[in-house]
Ligand code: GDP
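In our numbering, the protein residues as written are 234 to 556.
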């Protein structure tokens, strides 16, 4: 595994960040701009449809970026993944295939593909090491998304083996932060709980409804920490095997709900709606490889939740600012 400063990128490198309006892409953009990179390029969905092969290939051939962060994806929480199964597998397969193959055709030597911890087998030993990939069956609720992301990881590997490319894949754990999706029908648990606690407080509700049994365990990483880890690997010209990106600690959904309640200042009592699925029982990443590359997470969960809440579109201050 290589992590050296040899060939480290210069600040004028042309870096294409895909998905820059999403939570991950926007965090990468913030981090690259703060790091002094002067040629970060982006395209909105309307300007460039990443599912359309012809447009993507033409764009990459024209722009000739030095590096691509593949942060674009169709993402969603447990319910969205389970409901829109065709959309999740098709769009994510196309995004990965178009960008990886298009990058190769355009002569782009380096890129980073962002996968997800849900690509690991449902019953993987915890904490999950990178070599657990493809050792067992996947969690059913998000299998279509996971299959597409696994294909992306394998695409990158195959272009490295056959064509000598340096395409890296990283596996972020559950993320949260500014620009998260707060739509209760499609969001992940943390933004959903922030919004539910906020609304319960405003309405004076007696109960805060949490899906499932509250016993599943999840690990959460503040998205600016993820962006920092990605840029760390990029700046060290890392071109080794896949790398988990997490904080190394998990909590139960019940514990999470309690922290959210405290941060938001919501006095309602937590109740569980067990008609909703629990999903995979535990999903904690082993971050030994990342630590050996010189990076660790900095934002404690409570602080990250406070920052995410402060940036949420429905937060009273933001609402006032925008009206
Ligand atoms: P997952 O990590 O892929 O399972 O996706 P989620 O972040 O959507 O869900 C994680 C866990 O949180 C599951 O056990 C959900 O049942 C639970 N959960 C509790 N309340 C909520 C909620 O309001 N929304 C979501 N999406 N999940 C919730």
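Every residue, glycine too, gets a C-beta built ideally from N, C-alpha and C.
Residue i to residue j span [Cα, whole Å]
i: residue 287; j: residue 281; result: 10 Å
i: residue 301; j: residue 333; result: 9 Å
i: residue 303; j: residue 531; result: 23 Å
i: residue 476; j: residue 436; result: 43 Å
i: residue 441; j: residue 455; result: 23 Å
i: residue 340; j: residue 299; result: 9 Å
i: residue 497; j: residue 505; result: 19 Å
i: residue 382; j: residue 344; result: 15 Å
i: residue 536; j: residue 296; result: 39 Å
i: residue 260; j: residue 424; result: 16 Å
i: residue 525; j: residue 242; result: 21 Å
i: residue 323; j: residue 331; result: 12 Å
i: residue 507; j: residue 246; result: 50 Å
i: residue 445; j: residue 515; result: 13 Å
i: residue 390; j: residue 329; result: 12 Å
i: residue 289; j: residue 308; result: 20 Å
i: residue 473; j: residue 434; result: 47 Å
i: residue 392; j: residue 338; result: 11 Å
i: residue 264; j: residue 378; result: 27 Å
i: residue 284; j: residue 278; result: 10 Å
i: residue 291; j: residue 443; result: 46 Å
i: residue 549; j: residue 397; result: 52 Å
i: residue 546; j: residue 485; result: 26 Å
i: residue 470; j: residue 401; result: 10 Å
i: residue 266; j: residue 502; result: 42 Å
i: residue 458; j: residue 356; result: 27 Å
i: residue 310; j: residue 523; result: 26 Å
i: residue 319; j: residue 388; result: 20 Å
i: residue 376; j: residue 521; result: 26 Å
i: residue 428; j: residue 499; result: 11 Å
i: residue 415; j: residue 353; result: 25 Å
i: residue 460; j: residue 336; result: 21 Å
Residue(s) in a DSSP beta bridge with residue i
i: residue 451; result: 484, 516
i: residue 523; result: DSSP output for residue 523 lists no bridge partner at all.
i: residue 470; result: Answer is none; residue 470 lacks a bridge partner.
i: residue 502; result: 440
i: residue 251; result: 303
i: residue 345; result: 302, 401
i: residue 274; result: 249
i: residue 476; result: 403
i: residue 392; result: Answer is none; residue 392 lacks a bridge partner.
Cβ separation of residue i and residue j, assumed to be a contact under 8 Å, to the nearest whole Å
i: residue 373; j: residue 326; result: With a Cβ gap of about 18 Å, residue 373 and residue 326 do not count as contacting.
i: residue 430; j: residue 494; result: 5 Å
i: residue 342; j: residue 395; result: With a Cβ gap of about 14 Å, residue 342 and residue 395 do not count as contacting.
i: residue 517; j: residue 360; result: 4 Å
i: residue 293; j: residue 275; result: Residue 293 to residue 275, Cβ: 14 Å. No contact.
So, do the stretch 405-419 and the stretch 343-361 have three or more beta carbon pairs nearer to each other than 8 Å?
yes
Specify whether the stretch 445-454 and the stretch 253-261 touch according to this definition: at least 3 beta carbon pairs, one from each stretch, less than 8 Å apart.
no
Would the stretch 468-483 and the stretch 422-439 be scored as touching if the rule is three or more Cβ pairs under 8 Å?
no
Any 3 or more C-beta pairs closer than 8 Å across the stretch 311-328 and the stretch 267-274:
no
Taking one C-beta from the stretch 460-467 and one from the stretch 538-547 each time, how about it: are there three or more such pairs within less than 8 Å?
no
Stretch-stretch touch, CB-based, cutoff 8 Å, three pairs: the stretch 354-372 with the stretch 412-422
no
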